[in-house]
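What follows is one structure encoded as structure tokens, with my remarks underneath.
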Amino acid sequence: MSAATPPQTDPPAPQGPRAPGRAVGGVLGVARDTTILRSLAIVVLAGVVLYIVSESLSPYRNLQLANGAYLFAALAGLTMLIGLSGQVSLGHGAFLAAGAYTVSLLVSKEGWALAPSLVAAVAVCCVIGLPVGLAASRLRGPYLAGATLAFAVGLPALADKFPNLFGGENGLTINPPVVPSWLGTNFSLEEWQAWIACLGALIVLLVLLNLYRSGLGRSLRAVRDDEIAASLCGLRVGRMKTLAFVVSAGCAGLGGGLYAAVLNLATPSAFSITLSLSLLTGVVVGGLGSLSGAIWGAALIVLLPNWTSDLAHSLSLSTNVSDNLPQAVYGIVLIVVILAYPGGIQGGVRAIVSLITRRRWST
Amino acid sequence: MKARIVISALAVTAALAVAACGSSSPSKSSSSSGGATAPGVTATSITFGTHQPVTGPAAPGYSEIAPASQAYFDYVNAHGGVYGRKIHLIIKNDMYDPTLTVNVVHQLVLQDNVFGIFEGLGTPTHTKVVGFLNSSKIPDMFVASGCPCWDNGSTQPYTFGWQPNYTIEGKILGQYIKQHFAGQKVGVLYQDDDFGQGGLAGIQAEVPSSMIVSKQPYQSGTTSLATQITALKSSGAKVLVMFTVPIYTAIARLTAFTLGYSPQLVVSNVGIDPHTVGDLLATVSKGKAKGDALIDGAITDGYLPSFSDTSSPWIQLFMKIDKQYDHNAPFDGNVEYGMANGYTLVQALVAAGKHLTRQDLVNVVDNDGGSWKGPGLVPFRYTKTEHGGYSGVQMAKVVGTKIVPFGSILMTQPTAGTAITTYSGGQPTPPASGIPSN
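Protein sequences, first through last, are from chains A and B.
Here my numbering is used: the first residue of the first sequence is 14, the next is one more, and so on.
Here my numbering is used: the first residue of the second sequence is 73, the next is one more, and so on.
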């Protein structure tokens, strides 16, 4: 993580009627230039916004917020991997599965508390991500996609191979996290789950915001854009790529652990190939490479099934059609976005914002 | 810097918009109307939710159950409801997939604000929501599954079973095997979850382990049972016990038939409805098998009057309701199940009284449920610590498309080693109105 170089000369002490404004501008300038402070400021601001939102949402919407938060953890890692380091992974559903099963096993069978189990889930996924990342660093393009796809299909099948440990198709259940008593008896379980999930998402956000502006982030961009040039500059290409994979796997592992905390179950059918593909859809539609895009993607994955089932109801479609409608809509949305809006939703937002700001400057 | 300010402002605006959307979503629990003492109940209505396999591997047969319960409720509503409240049942499809079950139950409880969950169907599905329902204190009435896991009033006070526990059923089937197939080789085909494992535990409690030569589990969702049936055939088992859902009863029977293996079938009551399995056999064999012939002579059990026994006043009542309120659906074991379970829920609502809270409903089953009489052949096992449901079964045999009971009505406890006793308390006739008054 780089420390920004402070201004070479101390600015003169602000004086006059506009002094406070200049002082704040100076402080903000330092905050903007120092990566860790900037990331912390963004995370704190996001935390405040999430707190306000969760306090005013109904329990069902809070549950959706919790779902969005664990998806963000997985999507942020994936968008960093694909957008920043240029490695496509179709297998992140497997890391979600590993994280969810780790937390389920530790909490229900070993009696661990939730927080250390989440840390263990991250550790386990980083360990699993290491050999996968090493293999992935040697592959490119469709070969990498195929290898990660095989991983996505293969890992959840382990649950059926060791039914005593993993519960087979039945899967594992854990009890919902207990709302602490200092929050009062009226505090809904769903809001507490939303807080837990959002805390995890904020930690992922902090780590990745720092990563993006750090030396590692710059190295990854160099590797993504031209591996040969990067290695000629002395970057250890294989190590960078593997490290990016491990970090992304850890984020997905945290997402999986939060999945277990929010939905209280881990079954093989929950981590099917459809999940990995919907993660990819979320990343692309949200905006490849950007963390704000991961937010849009998470919102999309959470809200789309509800929209499609409402649509199916209002059109009175037969159950066979309405059960498969979400997958069909994912595919259509993905195709439309890639053709018409390659930058995804975040690209669209950037375009709108630059239109507004350009107009302001030109007037 | 300016762009970031704009973006932050947009983010805050979006957050406020989401918050506005969230708080303006319609809350179905009308807290201001009189008679409302809990979510999902008003002076004129009470709403339950259920998760059912409307489509998917468990849909054959089981998808008839909730509409049959709905039909019984419609009958009760047409006669004034319970204390003036009409009973509504929201049926949501979970395709027998535990992940979907969690979603739909969350929707029912948090979005539709139901008073409670009724007749949640399936063992692997319902086990995933029991923790949530109990920590949120939602009545989880009369689960449509015999898993021993519901039989726990101390740790899961809001969940009640209804049909006989699979271990109880296993024990009684096991005793029959011990008495009538002594010395023969027994094989067991079972679903590899709490349903199958509970049944297997009951069989093992009664049948000597020297007789059980092969135990073959299968995962729900699999498309072939060839490995298991081949193993059972090569073990030489002459008696095949099956704890399977109808589709797997059909697949197993057909695979055995193709392999030339014809053991005596002993099947759990949940997987042997002759209409359902007969139709499935015809479908799976692409019309080559005449369904009913393949399961004729199978031994099973029952805890309600046989659906084919048209001389029973209960069957006559249910068939009348089926004709009028369930679109004259073919009357089989599943339709009878749905109506009988609905009858018990109405009994509970009547006993709970006009002033109804969630805790009231749970308490009345704990305190009074053991003494309720209805279409069941045996009494219920409802106390503060036991939430198991019916306490036993009567042996029965599949004859053509009918199920014909024989022998005495037997009761036991799910613990291994407890005795199997005969119940001779008799069965009441239905009330003249068809609606319980307790």
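Cβ atoms here follow ideal geometry from the backbone N, Cα and C, with glycine treated the same way.
1. What are the uninterrupted segments assigned as alpha helix (DSSP H) that are 4 or more residues long and contained completely in the stretch 47-117 of chain A, given in chain order?
2. For A126 (chain A) and V116 (chain A), I'd like the C-alpha separation in whole angstroms.
3. In chain B, what lies closer than 7 Å to A202 (chain A) by C-beta?
4. Which value, in whole angstroms, describes the spacing of the CA atoms of G180 (chain A) and K164 (chain B)?
5. For Q100 (chain A), does the count of other Cβ atoms within 10 angstroms reach 16, so buried, or fall short, so exposed?
6. Can the beta-carbon of Y333 (chain B) be found closer than 8 Å to that of Y290 (chain B)?
7. Can you name the residues of chain A whose CB is closer than 7 Å to the CB of F204 (chain B)?
8. Would you check if there are 3 or more beta carbon pairs closer than 8 Å linking the stretch 410-428 of chain B to the stretch 139-148 of chain B?
9. On a CA-only basis, which of B:D265, B:H123, B:H151 and B:I240 is nearest V201 (chain B)? Give me that one, please.
10. If we cut at 8 Å on Cβ distances, does K287 (chain B) have a partner in chain A?
11. Are the beta-carbon atoms belonging to P169 (chain A) and A107 (chain A) less than 8 Å from one another?
12. Of the choices B:E458, B:I475 and B:K358, whose alpha-carbon is the least far from that of V339 (chain B)?
13. Any beta carbon of chain B sitting closer than 8 Å to that of N337 (chain A)?
14. Taking the runs of the alpha helix (DSSP H) that are 4 residues or longer, which of them lie wholly in the stretch 112-168 of chain B?
15. Going straight from the alpha carbon of E136 (chain B) to that of G410 (chain B), what length do you get?
16. Would DSSP call R252 (chain A) helix, strand or coil?
17. Whole alpha helix (DSSP H) runs in the stretch 178-250 of chain A with 4 or more residues, listed along the chain?
18. Which residues in chain A sit within 9 Å of L180 (chain B), going by Cβ to Cβ distance?
19. Classify V191 (chain A): buried if its beta carbon has 16 or more other beta carbons within 10 angstroms, exposed otherwise.
20. List the residues of chain A whose Cβ lies closer than 8 Å to the Cβ of D264 (chain B), in chain order.
21. Against chain A, with Cβ distances strictly below 8 Å, would A91 (chain B) count as a contact?
22. So for Q228 (chain B), helix, strand or coil by DSSP?
23. According to DSSP, is I131 (chain A) part of a helix, a strand, or is it coil?
24. Please classify K358 (chain B) as buried or exposed, where buried requires at least 16 neighbouring CB atoms within 10 angstroms.
25. Where do the N-terminal and C-terminal ends of the beta strand (DSSP E) with G374 (chain B) fall, by residue?
26. Select from the stretch 375-398 of chain B all residues with a C-beta closer than 9 Å to any C-beta belonging to chain A, and list them in chain order.
27. H252 (chain B): buried (16+ other C-beta within 10 angstroms of its C-beta) or exposed?
28. Please name the residue or residues paired with Y454 (chain B) in a DSSP beta bridge.
29. So is H151 (chain B) buried or exposed if we call it buried at 16+ other beta carbons inside 10 Å?
30. Please report how far the alpha carbon of A325 (chain A) lies from the alpha carbon of G369 (chain B), in whole angstroms.
31. Considering only the beta carbon of each residue, do N337 (chain A) and S201 (chain A) sit closer than 8 Å?
32. Using the DSSP secondary-structure output, state which residues sit across from Q263 (chain B) in a beta bridge.
33. What does the Cβ neighbour count give for A86 (chain A), buried or exposed, with the cut at 16 atoms within 10 Å?
34. Applying the criterion that 16 or more other CB atoms from any shown protein chain within 10 Å of the CB defines a buried residue, is L84 (chain A) buried or exposed?
35. Would you list, in chain order, the members of the stretch 428-441 of chain B that have their beta-carbon closer than 8 Å to a beta-carbon of chain A?
36. When burial is assigned at 16 or more other CB atoms within 10 Å of the CB, is G112 (chain B) buried or exposed?
Looking at the coordinates:
1. 48-69, 72-92 and 105-117
2. Looking at the two C-alpha atoms, the distance is approximately 9 Å.
3. Reading the sequence as shown, one finds Leu at residue 202 (chain A) and not Ala. Those within 7 Å of L202 (chain A) in chain B are S207 and S208.
4. 26 Å
5. buried
6. Not a contact, by the Cβ cut-off of 8 Å.
7. P189 and N277
8. With a cut-off of 8 Å, the stretch 139-148 of chain B and the stretch 410-428 of chain B count as touching, because enough Cβ pairs lie within range.
9. B:H123
10. no
11. yes
12. B:I475
13. So no, N337 (chain A) is outside the interface.
14. 131-134 and 137-150
15. Going by the C-alpha atoms only, they are around 8 Å apart.
16. helix
17. 202-225, 228-238 and 240-245
18. Within 9 Å Cβ-Cβ: nothing; L180 (chain B) doesn't reach chain A, min ~10 Å.
19. Its Cβ having fewer than 16 others within 10 Å, V191 (chain A) is exposed.
20. Simply P176, G181, E182 and N183.
21. Low local confidence applies: a pLDDT of 44 at A91 (chain B) is under 50, so the model's placement there is unreliable, with the coordinate-based value given in what follows. Closer than 8 Å to some Cβ of chain A, the Cβ of A91 (chain B) qualifies, so yes.
22. coil
23. Checking the sequence shown, residue 131 (chain A) turns out to be Leu, not Ile. The answer is helix: DSSP assigns L131 (chain A) an H, G or I state.
24. exposed
25. DSSP places G374 (chain B) in the uninterrupted beta strand (DSSP E) bounded by I371 to G374.
26. none
27. exposed
28. B:H459
29. exposed
30. 45 Å
31. no
32. B:Y290
33. buried
34. buried
35. none
36. buried
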